[in-house]
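Numbering (our numbering), first residue to last: 1 to 459.
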C-alpha cells in the first residue's frame, strides 16, 4: 500500500521515569533553558505507563542512550496515560497551560492547539541538521501540521482504518478467516454467527463514548461514500442516506440480531480489553489495534487479522486516515526546540531506532511486520531501510494483513474541528446502541444542528 495522501481542507482533509507533575512541566528559564552546567532540559510526554513494562523499559533505555550521545541534553519524561491523548484531558491541559515542552497530539488537534495559543512555529528548526530523515518524511503528513506556512508539529505516525477480526472466532463460527466480510451486509451475517457461539462474545463491537463513537461514525460514513462536513468544512453533511445507513446497520445488529453484546458506551480501552479476552469477533480499527490488544490487553497476535473496511453493497468508497505528532510549547528557547527535534528524530524518525528498533522488538511482546505506519516517501532511502528492517525482523504473520494491503481503499482525512465533531456524534452512536426506540432521523437532525453551531463558531 502506498503512503496515505492527506490534505488539510475539505472532504479529503487530514487530517524516563521521573513522574513529573503536569502543573510544572515548562522548563523555560532566564538562562535560555540551560542549567548551570550548560545542559538543555526539556519535558516530553507520552512515556509508556508502568503496566506497559517492555515499552517503558524500551523508552527508558532510549532516553539513557540518547542522553549518552547528547550529553548536553536532559530529557524529563511524563506519562499522561496509556492512550497518550484522551481528548477531554488533552483539552483541559491545553486550557490550563500544563502541557509538556514537547507534547503529543493527534492530527485532528491542530486547530484547538492553535486556538489555545500553546504551540510555537518550528519551521525554521525542522531541518536535516536536527532530523536527518526530515527530507524523507511524506510532505502530505507535514502539511497536516502546517498552517499559513508555519509548522507546529512533527508527524510521527499515520494510519488508515480497516476491519479487524478474530480468526479463531471465525473458525469456531464456521467462517473463512482468509475471506473477511466485504460489505456491511456480510458483517451483519458474520456477527450473528459469531455471537451465536455464546459465552459473552460480541460478533461485532463498536465505540460510542469519549469521542471514539464519532471517530468511528466518521470512518463508517466514509465507507458508504458519505461525508461528515461539506467540502469547505463549514457545515454538517452527515444527515444523509449514508449517515442513516451507518446508524441503521448498528441498530440492526444491536437489537435486530443481538450480535453486539449488552454492554455499550465503550471507549478505546473497553473494546480492546474485550478483544484481548477473546470476546470480540470484529471491529473497525487500524493495524496497530492488534498491537494494543496484545501489548496492553493480554491478547494473542495469532488470533487477529485485518481486511479492508467494508462497503455497503460492494467495496468501500473511502476509509478514515489519521495519525499523530508532537507539538512544541510556545516560549521554548531555540536550544530547547533543537533538543526536542533531535529526540524525536532518535525516537520516532530513524530506521533502526526507537519505534523502528525492530531488532529489539522482535523477541518482545511487540509486533514487527504491521503494514503501518508509513511515514517516509516512496523510494526514499529511509523508507527502504525501514521496510527492509521490518521484513527481516517480522515476528507476526504478515499474511494476516495481506487482504488489507492487497485491497487499498481511498484515504479520506478527518474533518475540521474533528474532536468537537466527534463528541457530538458520540450522542447519536450511544443512543442507537442503548435505546431500541431511538429515532435515527431525530438523532442525526439534532447532531446536525449542533455541529453547524460548532463550525459557525469556529469559522
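Where a beta carbon is used, it is the ideal one built from N, C-alpha and C, also for glycine. Quick caveat, the model's predicted, so the values are computed rather than measured.
Check	Outcome
Does DSSP put residue 131 in a helix, a strand or coil?	coil
Spell out a yes or no on whether the region 342-352 and the region 120-134 are touching, meaning 3 or more CB-CB pairs, one atom from each, closer than 8 Å.	yes
Return the Cβ separation of residue 94 and residue 113 in integer angstroms, given the expectation that the two are a contact with Cβ distance under 8 Å.	7 Å
For residue 50, which of 39, 80, 68, 433 has the nearest alpha-carbon?	80
Taking residue 239 and residue 448 to be in contact with their CB atoms under 8 Å, please state how far apart those CB atoms are, rounded to whole angstroms.	4 Å
Looking only at its own chain, which residues have a Cβ that is under 6 Å from the Cβ of residue 28, when we skip the five neighbours before and after it?	Below a pLDDT of 50, predicted positions are generally treated as unreliable, and residue 28, at 46, falls in that range; the measurement from the model is reported next regardless. Same-chain partners within the cutoff: 331.
So if DSSP puts residue 160 in a beta bridge, which residue, or which two residues, is it bridged to?	321
Pull up the CB-CB distance for residue 285 and residue 183, whole angstroms please, since I reckon it's below 8 Å.	Residue 285 to residue 183, Cβ: 18 Å. No contact.
Whole angstroms is fine: what's the gap from residue 395's alpha carbon to residue 440's?	44 Å
For the region 59-68 against the region 102-120, do three or more pairs of beta-carbon atoms, one drawn from each stretch, fall closer than 8 Å, so that the two count as touching?	no
Based on the DSSP output, what are the partners of residue 192 in its beta bridges?	Residue 192 is not bridged to any residue.
For residue 365 versus residue 82, is the C-beta distance shorter than 9 Å?	no
Helix, strand or coil for residue 121, going by three-state DSSP, please let me know.	coil
Between residue 451 and residue 416, what straight-line distance do the alpha-carbon atoms span, to the nearest angstrom?	11 Å
Between the alpha carbons of residue 181 and residue 334, how many angstroms are there, rounded?	52 Å
Would you grab the beta carbon distance between residue 476 and residue 85 for me? Rounded to a whole angstrom, and I think it's under 8 Å.	The displayed coordinates of the chain run from 1 to 459. Any statement about residue 476 would go beyond what the structure contains.
Quick check on DSSP: helix, strand or coil for residue 258?	coil
Can you tell me where the beta strand (DSSP E) holding residue 305 begins and where it ends?	304-308
Alpha carbons only, please: which of 47, 177, 121, 98 is nearest the one belonging to residue 399?	177
Would you tell me roughly how many angstroms separate the C-alpha atoms of residue 385 and residue 351, rounded to the nearest one?	6 Å
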